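For the record, in the sequence shown the residue sitting at position 94 is 1039 according to this note's numbering, with numbers rising by one throughout.
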Amino acid sequence: MNVWVIMGGMSSEREVSLDSGRAVAAALRDGGHGVRAYDLGTGAFLPGHSTGDIPLPPAPPPESTWGERLLEAARLLRGRADVAFIALHGGVGENGMVQALLESAGFPYTGSGPSACAVTMDKALTKRVMGSLGVATPPWALLEFAGESDPGPPPSWLGGTPVGGLPAVIKPCQEGSSVGISIVRESSEWEAACSLGLRAICGPRRPRQLLVEKYIPGLELTAGLLGGQALPIVEIRPRTGFYDYARKYTTGETSYEVPAAIPEAAARAIRDSAEALYRATGCGGMARADYRLGSDGIPMCMEINTIPGFTATSLLPKAAQAAGIGFLELVERVCRLALE
C-alpha cells in the first residue's frame, strides 16, 4: 500500500499526535509500504518519515489555511496514495472536520466518519447516547461559562445536579488525552480545577464547557475495538496519583495488565457495552472505550475515542498485541478496513 499519514495538527494533543504518526509511518515503512508523512499543523510533508515512490509535494503558500492545504495535498496525492491514515488527536482531527474534507475530496481515510467523530468528541453528547442505550455511566453535569470573566458556580452547585457533591472529576467537554482533568475531593480545590480545565480548551471558538462526573473509585479499564469487535480489556495502573496526561505518556509512570484480571461477567459487560456504543455512535475501523469498575462490580463507561493513540504507551496496540495482532498488522488492518 501507499499510505498518507496525517499527524500533528493544532490541538492540545499535537505532540502526542506526532508521536502516533511517526510510529505508524515507521511501521509501514519497515513493512515495505510507501509512506508520505504530513503535519496538518504546518501543511508540510516530512521527508525523514516518508518513503516509497509517492512524490513529495511542494510546500504550500504560507497564507493558506489548514483546510486549503489539506485539500491541495489530497489533490496532489490522488491516485498516488491508496488511503490516508489519520493519526490526529483532538481538535479538527477528531471532531470530524478533517474527515469531512477528505470525503469532499473523495479520498479514503481510516477510522470513523464526520458524524461519529462529532458526537464522540463531545463528552456530554456521548453521555446522552449512553443513556439512550442503557450503558451505565457515572452521574454527570455540564458546567458552562459565559466568558473569560465568568467565575462559574461554587462547588455547592453540585448538590442540585445528578453528581450530588464531591468527590468529582472535572474535565473539558471536548478535549482528550486527559488534558485539563482534575479529581476534586475538597471544596478548596474546585476553583483551581475549573481554571485548569478552561485553560486546556484549545481554540477561541471552542465552547467553554466542563464536564463534571461523580468520581468512581476502583479499577481503570479500557476496551479497544477493531472493526467493531472488542479486543482484550486493559487494566491501567498508574504508579502514583491518577491516569493524567503525564502518566499516560511517560514511560514507567503506569503499568498495564492485559487481559485485565476481572470477573468474566464484568469483562463481558464491558465488551458488550463498548460494541453497542461503537455501533450507536456510528464509529468505524477502530475506537477505544474507557471504564471504571467500582466495588459494586458494575462497569461505568466514561467515553469512547474514535482515534486511539499509536504511541509506545498507547492502549489499543497493547490490546491488539494480547489478541495476537502485532503493531504493523494492526496498522495494516486499520488501513484495509478503510479501503473496504
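A virtual CB, placed ideally from N, CA and C, is assigned to each residue, including glycine.
From a predicted model like this one, the values you see are computed outputs, not experimental measurements.
Is the separation between the beta-carbon of residue i and that of residue j shorter than 8 Å?
i, j, result
"I1146", "E1120", "yes"
"A1069", "W949", "no"
"V1028", "L1261", "no"
"I1126", "V1114", "yes"
"G1229", "A1063", "no"
"L1111", "P1100", "yes"
"A1232", "T1251", "yes"
"T1167", "D1235", "yes"
"R967", "L1022", "no"
"D1067", "C1118", "yes"
"E1198", "P1183", "yes"
"I1178", "P1204", "yes"
"G1169", "A1264", "yes"
"G1038", "S956", "yes"
"G1104", "G1227", "no"
"E958", "V1129", "no"
"N1040", "G997", "no"
"F1030", "V969", "yes"
"I1270", "P1244", "no"
Would you tell me roughly how many angstroms separate the C-alpha atoms of residue i and residue j, rounded to the nearest one?
i, j, result
"L1164", "A1221", "22 Å"
"R974", "A1206", "36 Å"
"W1102", "L1087", "11 Å"
"A1225", "E1048", "21 Å"
"H1034", "D984", "12 Å"
"P1253", "A1210", "25 Å"
"E1131", "T987", "42 Å"
"V1279", "F1255", "12 Å"
"T1065", "I1249", "6 Å"
"G1036", "L1141", "18 Å"
"A1050", "G1173", "26 Å"
"A1268", "A1212", "15 Å"
"T1071", "P1006", "38 Å"
"L1275", "Y1054", "15 Å"
"D1241", "L963", "39 Å"
"G979", "P1096", "52 Å"
"A1045", "T1106", "36 Å"
"E1134", "L1171", "39 Å"
"S1009", "T1196", "38 Å"
"E1136", "K1116", "13 Å"
"G1239", "R1020", "50 Å"
"G1024", "L1015", "16 Å"
"L1078", "L1282", "26 Å"
Quick check on this structure: which residue in the options has the alpha carbon closest to the alpha carbon of residue i?
i, options, result
"A1018", "F1052, E1039, P992, G1036", "F1052"
"G977", "V1279, L1282, R1281, L1273", "L1273"
"E1202", "Y1223, R1073, G986, Q1266", "Q1266"
"V1074", "A1219, S1094, L1016", "A1219"
"P1152", "G1104, G1172, E1089", "E1089"
"S995", "M952, L1015, M1245, R1020", "M952"
"W1011", "L991, M1042, L963", "M1042"
"A971", "T1071, P992, T1055, E960", "P992"
"G1076", "I1270, L1282, C1246", "C1246"
"A989", "A1045, P1096, G954, E960", "G954"
"A1175", "Y1223, S1009, T1106", "Y1223"
"S1094", "E1008, T1106, R1144", "R1144"
"G1092", "L1078, L1046, Q1154, T1106", "Q1154"
"E1277", "R1237, G1056, E1136", "G1056"
Should residue i be counted as a contact of the ligand ZN given a C-beta to heavy atom distance under 7 Å?
i, result
"I1128", "The ligand ZN is not among the ligands present in this structure, which contains no ligands whatsoever."
Do the segment 1082 to 1099 and the segment 1153 to 1168 make contact, defined as three or more Cβ pairs closer than 8 Å? Yes: at least three Cβ pairs fall under 8 Å.
Write down every uninterrupted run of the alpha helix (DSSP H) in the segment 1186 to 1241 whose length is 4 residues or greater and which is fully enclosed by it, in chain order. Listed in chain order, the complete alpha helix (DSSP H) runs (minimum 4 residues) inside the segment 1186 to 1241 are 1190 to 1194, 1209 to 1225.
Output the residue ranges of the alpha helix (DSSP H) runs that lie fully inside the segment 1128 to 1175 and measure 4 residues or longer, sorted by chain position. Annotation note: the segment 1128 to 1175 contains the following uninterrupted alpha helix (DSSP H) runs of length 4 or greater, listed N- to C-terminal: 1135 to 1144.
Considering only residues of the segment 1012 to 1095, which uninterrupted alpha helix (DSSP H) runs meet the minimum length of 4 residues and lie entirely inside it, listed in chain order? Correct list: 1036 to 1039, 1042 to 1049, 1059 to 1066, 1068 to 1078.
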